[in-house]
Every structure is written in C-alpha cells, then in structure tokens.
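> Encoded as structure tokens, here's the structure I'll be asking about.
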Amino acid sequence: MSSRTSFAASRLINPPGATPVLTEDQVWKGLGIKARNPKTFVPMITSSEVVSDVGNKALREVRFNNGDPVRETIELHPSTIVNENEQAYFEMESTGIRITNIVSYDANGELVLTFSFANGIPGGVAHEGKSAQELNETLGKGVEHSVERIRELAVAGEI
C-alpha cells in the first residue's frame, strides 16, 4: 500500500458486557470533547492547542509523537434528517489527510463508531505492507480506545 493509504475501521460502541451502555448523545458529546482535547483519546497526539472554536467548527494545532505541529480544521455535524449519522471531520491541510469519525447503526440497530482515513494515516502509523486485516486491527484499537475514553467520561458524569 502506498503512503497515501485510505482506510476505515469500525467497532461496536456497546459490545456484549460493556458498561455503562453508551447512548448516541453521550458518544457525540464525547467526540466533541475529543475534537477539542484529543490527547486522552489519541495517545500519539502529544500536544494540542485549539486556535479557534466557533459553532460547529474549530481549528487546532496538534503534534503527533512530538513531531512538527499540524493544523487541523474540524467540523462537527450532528445527526439530522438530511444527515442520519453524526460526523466529525478532521482536515489536515498541509498533508491532505482527512479523518472522519462517524456514529451510525449496524443492521441490528447497534451503535457503531467508524474512523475513516483518506489520503493517509497520520502520526506515524506503520501501514506499508500491512494487509487490510492488519490495518483494521491497528486502527480499530484507536476506535476502541476512544469508545473506552467516552465510557470513562460517562462514568465520571462528565457527559
């Protein structure tokens, strides 16, 4: 696979045995927190500063693994009749990478969180020569970590 790999990984938000069971609203609030303070959600982000935050749009400067700062434009789009899934877009203009976080439902009505990466995977994630199954495992761990962080916020009563 080229260095401009595009890929998506999805995970159930409430797999069997998960407590507390998260609601769509809690997950969306957690993703809003992640957009503004990503370090506890994405361990490879070593620093983050919100440059501007107006309405559903924010601009932040992040460093992956103490590398050079990268500016991300973030747009948060809650569920509507037109757009049935909540989506958070993270656009890195200098690299062309676009990350989308999507809250949706599977065929059984279970909440699902998907992270999709277009035009590359940031933060030094080694993906050259990896199979789709290996990428799904690696990137899926990031989805799982974010869900667990949202669950921690719910337990703490923060969302």
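Taking my numbering, the leading residue of the sequence shown gets 1074, the next gets one more, and so forth.
Backbone N, C-alpha and C define an ideal beta-carbon position, used for all residues, glycine too.
Predicted model only: the values in this text are computed from it and were never measured.
May I ask you to list the residues that DSSP assigns as paired with Leu1149?
DSSP lists Ala1161 as partners of Leu1149.
> Measure from the alpha carbon of Asn1129 to the alpha carbon of each residue in Ala1227, Lys1102, Glu1221 and Val1094, then state which is nearest.
When each option's Cα is compared against that of Asn1129, the closest is Lys1102.
> Assess contact between the segment 1206–1223 and the segment 1105–1115, defined as three or more Cβ pairs (one per stretch) separated by less than 8 Å. Is contact present?
In short, these stretches touch, since the Cβ pair count reaches three.
> Could you give the first and the last residue of the continuous beta strand (DSSP E) run that contains Ile1172?
It spans Ile1170 to Tyr1178 - the beta strand (DSSP E) in which Ile1172 sits, taken as one unbroken run.
> Does DSSP classify Ala1092 as helix, strand or coil?
Strictly speaking, residue 1092 in this sequence is Thr, with Ala absent from that position. Three-state DSSP puts Thr1092 in coil, outside helix and strand.
> With distances taken Cα to Cα, identify the nearest neighbour of Val1100 among Val1176, Asn1192, Leu1212 and Glu1183.
When only C-alpha atoms are compared, the closest one is Val1176.
> May I ask which residues mark the beginning and end of the alpha helix (DSSP H) holding Ile1106?
Its alpha helix (DSSP H) spans residues Glu1097 to Arg1109.
> Measuring only the C-alpha atoms, how far is Ile1194 from Arg1133?
So the two alpha carbons sit approximately 18 Å from each other.
> Just confirm the distance between the C-beta atoms of Ala1227 and Leu1085, as a whole number of angstroms; I'd bet it's less than 8 Å.
Actually they do not touch by this definition, with Cβ atoms about 16 Å apart.
> Can you look up Ile1086 in the DSSP assignment and give me helix, strand or coil?
Note: Ile1086 maps to coil in three-state DSSP.
> So, at 8 Å on beta carbons, what are the nonlocal neighbours of Leu1112 in its own chain, with the 5 sequence-adjacent residues on each side left out?
One point to set straight first is that residue 1112 is Lys, not Leu, in the sequence displayed. Closer than 8 Å at the Cβ level, and outside the excluded window around Lys1112, lie Ile1118, Thr1119, Ser1120 and Ser1121.
> Can you give me the Cβ contacts of Glu1183 inside the same chain, cut-off strictly under 7 Å, excluding the 5 residues immediately before and after it?
Answer for Glu1183: Leu1085 and Asn1087, listed in chain order.
> Whose C-beta lies closer than 8 Å to the C-beta of Thr1168 among residues of the same chain, with five residues either side of it excluded?
The residues are Val1143, Asn1192, Gly1193 and Pro1195.
> In the DSSP assignment, the alpha helix (DSSP H) including Thr1211 goes from what residue to what residue?
Ala1205 to Val1228 is the span of the alpha helix (DSSP H), which, as asked, contains Thr1211.
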